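To start, the structure under review is shown below, and the notes come after it.
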Amino acid sequence: MRSISSHWPVSFRLTMTTSTHLLRNVAIIAHVDHGKTTLVDSLLAFCGTLRPNEAQPVCVLDSDPQERERGITIFSKNCAVNYAPTTGPNAGSTYRVNIIDTPGHADFGGEVERVLRMADGVLLLVDAFEGPMPQTRFVLSKALELGLRPLVVLNKVDRPEARCDDVIDEIFDLLIDLGADDEMLEFDVIYASGRDGWAATSLDGERTTIQPILDEIVERVPHPSDDPTAPLQMLITTLDYSEYVGRIAIGRVYAGTLTAGSSVAICRADDKVERVRVQKLHQFAGLGRMEVSEIHAGDLCAVEGIGESFDLGDTIADPERPVALPRVAVDEPTLHMLFRVNDSPFAGREGKFVTSRQLADRLQRETQANVALRVETGASPEEFQVSGRGLLHLSVLIENMRREGYELSVGRPDVIERVIDGTMCE
9 MRSISSHWPV
19 SFRLTMTTST
29 HLLRNVAIIA
39 HVDHGKTTLV
49 DSLLAFCGTL
59 RPNEAQPVCV
69 LDSDPQERER
79 GITIFSKNCA
89 VNYAPTTGPN
99 AGSTYRVNII
109 DTPGHADFGG
119 EVERVLRMAD
129 GVLLLVDAFE
139 GPMPQTRFVL
149 SKALELGLRP
159 LVVLNKVDRP
169 EARCDDVIDE
179 IFDLLIDLGA
189 DDEMLEFDVI
199 YASGRDGWAA
209 TSLDGERTTI
219 QPILDEIVER
229 VPHPSDDPTA
239 PLQMLITTLD
249 YSEYVGRIAI
259 GRVYAGTLTA
269 GSSVAICRAD
279 DKVERVRVQK
289 LHQFAGLGRM
299 EVSEIHAGDL
309 CAVEGIGESF
319 DLGDTIADPE
329 RPVALPRVAV
339 DEPTLHMLFR
349 VNDSPFAGRE
359 GKFVTSRQLA
369 DRLQRETQAN
379 VALRVETGAS
389 PEEFQVSGRG
399 LLHLSVLIEN
409 MRREGYELSV
419 GRPDVIERVI
429 DGTMCE
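Our numbering puts the first residue of the sequence shown at 9, with every later residue one more than the last.
Here it is in structure tokens:
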């Protein structure tokens with residue numbers, strides 16, 4: 009998950025002391041190019057996260073250069089908005105909504121699986137013409153495994169070729185195939201155009217504002233039920249890095265209250281427990297983060313100053329009663345490629361990092377945040393076998409390394425084979 013720093017007027021800043029009952033954690037899932045990030049743009053604009061006098065950006069959460077060039081979401085990210093309903097039973101209260109933007113391609117399933125652990129519900133966004141696609145099925149299956157109830161949004165219903173009724177039937181059939189319960193099958197549908205910034209509860213409804221989606225989130229997504237008085241438990245689901253403060257742990261507090269300056273325990277994968285001190289806490293606000301003194305159970309946060317030795321899936325716990333949460337489970341890689349130093353006659357002419365040690369260090373850094381990636385030594389010290397979720401997953405890594413100045417040679421991708429019950433399987 010990559011953060012986006014932003015500044016906004018005081019009048020648009022979020023209230024950081026939000027009751028758990030006024031908090032919503034929702035992830036948005038969709039197939040590639042179904043308009044998920046564009047819809048988030050409209051939600052941010054409606055809630056006043058952007059300055060009133062600035063031009064509205066396109067796909068503001070797609071901050072990585074390759075995301076903008078390819079037109080897809082590669083890294084999961086999250087933001088937070090304040091929303092005060094004007095009608096209905098929730099009118100008069102101000103809700104804080106943590107929005108988690110997830111990749112829509114199965115190659116980045118490692119990003120999806122870990123961040124869905126932070127959500128209490130999901131928006132299932134489906135193109136009104138294409139309907140549910142293979143990646144829709146993949147991401148939705150991960151959400152249902154975690155017991156997250158989907159809220160269905162049909163996007164691009166203003167397209168002339170939109171076939172809303174057929175797509176709704178296809179979504180119903182997909183939910184049945186994935187084993188959804190009766191409550192999930194009784195879903196309401198919101199019709200929307202993320203590009204034009206409107207949503208409606210019926211096809212002939214008023215098309216003026218995106219507000220119906222926010223009303224649905226407040227009404228349908230359950231508030232966190234975590235206990236703020238229990239011993240502290242926070243699951244680290246994402247890693248970030250700053251050249252000023254080092255590694256940053258991002259995740260959700262599942263129990264207790266995390267306080268800046270307090271001593272905590274880190275429960276690692278090897279069952280070791282280390283005591284550290286929290287230096288700073290940041291809560292997500294708009295497109296950036298805001299420093300706070302404490303984080304209560306049910307909320308998301310970024311933690312600074314707890315050292316460098318923690319990893320994804322570790323638990324930040326009460327130092328007196330450290331209990332680890334279940335670690336994040338990620339699907340195994342499907343393809344592997346051979347990475348090696350560039351030993352061609354033109355070696356050293358384009359990049360500045362050309363040695364096997366530099367290549368190894370870069371690949372090991374990638375595995376710290378890219379949980380679906382595996383790196384093993386090859387037949388020689390100059391070779392590394394890199395395994396990923398697919399061609400797109402590995403190609404993004406190769407292109408990033410090229411842009412950073414690394415020279416390397418890569419072999420052809422091969423499907424990973426494994427013997428299961430005496431049978432060779434792919």
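Where a beta carbon is used, it is the ideal one built from N, C-alpha and C, also for glycine.
As the structure is a prediction and not an experimental result, all values here were calculated from the model.
The Cβ atoms of D109 and P232 lie no closer than 9 Å to each other.
Between the alpha carbons of S101 and L30 lies a gap of roughly 8 Å.
Out of G205, T342, D223, E191, the CA that lies nearest to the CA of R215 is found in G205. With distances taken between CA atoms, D235 lies nearest to L266 out of V286, L266, L247. D135 and D196 have their C-alpha atoms spaced approximately 16 Å apart. The continuous alpha helix (DSSP H) containing Q219 extends over residues 219 to 228. In its chain, beyond the 5 residues on either side, P341, S395 have a beta carbon closer than 6 Å to the beta carbon of R382. For P158, no alpha helix (DSSP H) segment is defined; the enclosing uninterrupted segment is the beta strand (DSSP E) at 158 to 163. Beta-bridge partners of F392 (DSSP): F347, T385. Inter-residue distance for D189 and I179 is about 14 Å (C-alpha atoms, whole angstroms). Taken through DSSP and simplified to helix, strand or coil, H29 comes out as helix. In this structure, I314 sits away from A268, with a CB-CB distance that is not shorter than 9 Å. Distance from the CA atom of E302 to the CA atom of V229, rounded to whole angstroms, is 24 Å. If you draw a 10 Å sphere on the C-beta of P330, you find 16 or more other C-beta atoms in it, and that means buried. Annotation: E384 to G264 spans about 39 Å, alpha carbon to alpha carbon. For F180, the enclosing alpha helix (DSSP H) begins and ends at 172 to 185.
Secondary structure of H39 (DSSP, three-state): coil.
When Cβ pairs closer than 8 Å are counted between the two stretches, the segment 268 to 277 is seen not to touch the segment 248 to 255, the count staying below three. Sequence-distant partners of K44 (beyond 5 residues in either direction) whose C-beta falls short of 6 Å from its own C-beta, in its chain, are I36, A38, L133.
Beta-bridge analysis with DSSP links R335 to no other residue. The DSSP-derived three-state label of M242 is strand.
Below 8 Å, enough C-beta pairs join the segment 411 to 431 and the segment 353 to 371 to call them touching: three or more.
In the three-state reduction of the DSSP assignment, I314 falls in the coil class.
Residues S271, V272, A273, R283 of the same chain have their beta carbon placed closer than 7 Å to that of P327, with the five preceding and five following residues left out of the count. Cβ neighbours of P239 within its own chain (closer than 6 Å, five residues either side excluded): G264, D326, R329.
Taking 9 Å as the cut-off, the Cβ atoms of V286 and Y91 do not count as close.
Shown here, L400 sits in a helix according to DSSP, grouped into three states. For V48, the CB contacts under 7 Å within the same chain, skipping 5 residues up- and downstream, are I36, L69, I107, D109 in chain order.
The closest CA to that of V261, considering only V253, G254, K280, T237, is found on T237. Per DSSP, the beta bridge partners of I258 are T246, A310. Annotation: Y103 to A387 spans about 56 Å, alpha carbon to alpha carbon. For K44, the uninterrupted alpha helix (DSSP H) segment begins and ends at 44 to 54. For H401 and R335, the gap between their C-alpha atoms comes out near 23 Å. Around the beta carbon of D279, fewer than 16 other beta carbons lie within 10 angstroms, which makes this residue exposed.
Between the alpha carbons of L51 and R122 lies a gap of roughly 24 Å.
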